[in-house]
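*Asks:* Mind looking over this structure? Questions follow.
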Amino acid sequence: MKIYNTLTGRKETFSPLTPGTVNMYVCGVTVYDVCHIGHARSAVVFDTIRRYFRYRGFGIRFVKNFTDIDDKIIGRAAKEGIPWDQVAKKYIEKYYEDMHRLGVEDADLEPRATGHIPEIIDIVKGLVEKGHAYVMEGDVYFSVPSFPGYGKLSGRRLEDMLAGARVEVDERKKNPMDFALWKSSKEGEPAWGSPWGPGRPGWHIECSAMVLKHLGETIDIHAGGADLVFPHHENEIAQSEAYTGKPFVRYWMHNGFITVNKEKMSKSLGNFFTLEEILERFDAESVRLFLLQTHYRSPIEFSNEPLEEAEHTLERFYQSLERLEDFLTAGSQGKKECVPAGFEEAEGVLASFRERFMQAMDDDFNTALAIGHIFELVKEINRFLDARPAGPKAEGLMSRAKRELAEAAGVLNVFGRTPAQWQRALLRIKKLGMDEAAIEKLIEERRQARAQKDWARADAIRANLDEKGITLEDKAGSTAWRVKI
RNA sequence: GGCGACGUAGCCAAGUGGUAAGGCAGAGGUCUGCAAAACCUUUAUCCAGCGGUUCGAAUCCGCUCGUCGCCUCCA
């Protein structure tokens, strides 16, 4: 298995510290507002990676935090007129709601900054004792020049950063690059007691504390969005390694951004789309597929078009799955065995499928390629079924195909529903104003018209449904309806 | 100003040394009462441009152009 490591800038063969088990920490969200599609990308990508590790037989301890105290939460509390911890609670709940819809599984552990104040204080104390941090009027700062490796993750040198001159000027810091480990609180702000007076933790220290407590001094994988590389992860390395004297993280993974008009989607630019509004218009599975159809490190341009394409892709998948299931359900009782000419080819594609799927995923979690392989198999299934096969040999092949698809689907956590569930979900999300019963009733009317060869009447019913967004498909013994995309 | 990434068909997107996956859209065909779907054929002599390394490069190196990111909170 190969993983691109931000620390070295290249793909490396993955081997965990303890063979067979992976310790992984993902930076979650700061809960001061609802999530946008960018947050979803990070969650979905690392959820998929976690699932793949399990699929490959690794034991994995997967930790994802919530930052539930910081300036933005305090600001939001003032704005909404509710206590800061109510802000955190509200947006944590919203986070779960959104992420569950996207098929993101809860982490094994979801620690919060405020649940680790004593651990944070211990580390800050230790850093002060070791001379890596200093106290200034109730604040504690990490001394960046005291840590020689500073800049190794983001690939920059201290001098270069200072030359940038966009660093805030804070006279109390000894060095402009120094960052807060502990912030004294003003009157009325949330505060915890500490050796330096009442205050709250700085942003970066919580992750160091939670990693250390729940996963250990050196962990295998630490992940998050690419915007966390600097300063957040750089600072985490500095404070953690200065404190423990051990390497902090072995593989750093960062996902790429979602862009809008080529620009990074962000709160400050105001060009973001919340998950709430996207999930109002698109089924969650379409969104998840949309996110996985691009390699996790590449940027994704956000717009309706690729989301609609993802719907198409799902439609194609579920239609083939339906054919496959119909074929298996019907069975070959009373039919003459027929092994079509394409049997060998189909068998070949099927036999190599799992291997190709794993090869793609082994290569830095190339979900886009893996999905491509799924569609090669889908095409082969369609082709095979087009040849009207019958008999145990064909059935055996197709039930194997079904199992293989289900297995891959389980890893990516897309393509996992039944075709009927997919259609119902589409019917709901597209708000066509028709329910299943009404559609079935019209299909029955049309069936009768067709039985009498009243083509005009049958076509009128079909046209009527088409106008409302429903396409009919006449199959061997029945008619299926589909939501037009 | 410093550091870095990316530029593949009409669109999306894989592909890091061996001769361009997959999807969408388009054209023609098979199937169908007609459709729809599916399948078949077809759609990049070529991977931003120019040089170089190599038997061989979209893939490695250099330069140019373009786009974006980080350097400030940020997934």
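With numbering that gives the first Met the number 0 as the guide, the letters of the first sequence map in order to residues 0 to 484. In this text, a Cβ means the ideal position worked out from N, Cα and C, and glycines have one as well.
1. Does the pairing of the stretch 143 to 153 with the stretch 87 to 100 give three or more beta-carbon distances under 8 Å?
2. Report yes if the CB atom of residue 250 is closer than 8 Å to the CB atom of residue 45, and no otherwise.
3. On the CB-based measure, 16 or more other CB atoms within 10 Å of its CB, does residue 427 come out buried or exposed?
4. Which residue spans inside the stretch 142 to 230 form an unbroken alpha helix (DSSP H) run of at least 4?
5. Can you check the stretch 354 to 433 for any alpha helix (DSSP H) of at least 4 residues that lies completely inside it and give the ranges in chain order?
6. With C-beta atoms as the reference, is residue 356 less than 8 Å away from residue 345?
7. Where does the unbroken beta strand (DSSP E) through residue 489 begin, and where does it stop?
8. Does DSSP put residue 68 in a helix, a strand or coil?
9. What three-state label does DSSP hand residue 124 in the structure shown?
10. Thinking C-alpha only, which one of 154, 363 and 221 is nearest residue 64?
11. With a threshold of 6 Å on Cβ separation, who are the neighbours of residue 239 within its own chain once the five nearest residues in sequence on each side are excluded?
12. Decide if residue 52 is buried, meaning its Cβ has at least 16 other Cβ atoms within 10 Å, or exposed.
13. Could you spell out where the beta strand (DSSP E) holding residue 249 opens and where it closes?
14. Could you give the first and the last residue of the continuous alpha helix (DSSP H) run that contains residue 19?
15. Output yes or no for whether 8 Å exceeds the beta carbon distance between residue 322 and residue 381.
16. Report the option in 50, 394, 0 and 366 whose CA atom is closest to the CA atom of residue 107.
17. For residue 242, which of helix, strand or coil comes out of DSSP?
18. Helix or strand or just coil, what does DSSP make of residue 6?
19. If distances are taken between C-alpha atoms only, which option among 123, 466 and 314 comes closest to residue 198?
20. Please classify residue 172 as buried or exposed, where buried requires at least 16 neighbouring CB atoms within 10 angstroms.
21. Using 8 Å as the threshold, is the stretch 27 to 45 in touch with the stretch 398 to 406, meaning 3 or more CB pairs across them?
*Replies:* This is what the structure holds:
1. Verdict: no, contact absent.
2. Taking the first residue of the first sequence as 1, we reach residue 250 at position 251. Taking the first residue of the first sequence as 1, we reach residue 45 at position 46. Against a cut-off of 8 Å, the Cβ pair of residue 45 and residue 250 comes out as no contact.
3. Here residue 427 refers to the residue found at position 428 of the first sequence. Label assigned to residue 427: exposed.
4. 157 to 163 and 204 to 213
5. 366 to 385, 391 to 411 and 418 to 428
6. For the purposes of this step, residue 356 is taken as the residue at position 357 of the first sequence. For the purposes of this step, residue 345 is taken as the residue at position 346 of the first sequence. Going by C-beta atoms, residue 356 is not nearer than 8 Å to residue 345.
7. Outside the shown range of the chain, which is 0 to 484, sits residue 489, and nothing can be said about it.
8. Within the first sequence, numbered from 1, the residue matching residue 68 stands at position 69. Note: residue 68 maps to coil in three-state DSSP.
9. Within the first sequence, numbered from 1, the residue matching residue 124 stands at position 125. It is helical.
10. If you number the first sequence from 1, residue 64 lands on position 65. Ranking 154, 363 and 221 by Cα distance to residue 64 puts 221 first.
11. Residue numbering aside, residue 239 sits at position 240 when the first sequence is read from its first letter. Closer than 6 Å at Cβ, skipping near neighbours: 207 and 247.
12. Sequence index remark: in the first sequence, residue 52 carries index 53 (1-based). Classification of residue 52: buried, given that the 10 Å Cβ count is 16 or more.
13. Counted from its first residue, the first sequence places residue 249 at position 250. It spans 248 to 254 - the beta strand (DSSP E) in which residue 249 sits, taken as one unbroken run.
14. For the purposes of this step, residue 19 is taken as the residue at position 20 of the first sequence. Here residue 19 belongs to no alpha helix (DSSP H), and DSSP marks it neither H nor E.
15. By one-based count along the first sequence, residue 322 stands at place 323. By one-based count along the first sequence, residue 381 stands at place 382. A contact, by the Cβ cut-off of 8 Å.
16. Here the question's residue 107 lines up with position 108 in the first sequence. Among 50, 394, 0 and 366, the Cα nearest to that of residue 107 belongs to 50.
17. For the purposes of this step, residue 242 is taken as the residue at position 243 of the first sequence. The answer is helix: DSSP assigns residue 242 an H, G or I state.
18. By one-based count along the first sequence, residue 6 stands at place 7. Reduced to three states, the DSSP call for residue 6 is coil.
19. One-based indexing of the first sequence puts residue 198 at position 199. That would be 123, whose Cα lies nearest to the Cα of residue 198.
20. In the first sequence, counting from the first residue as 1, residue 172 sits at position 173. Answer is buried; the Cβ neighbour count reaches 16.
21. no
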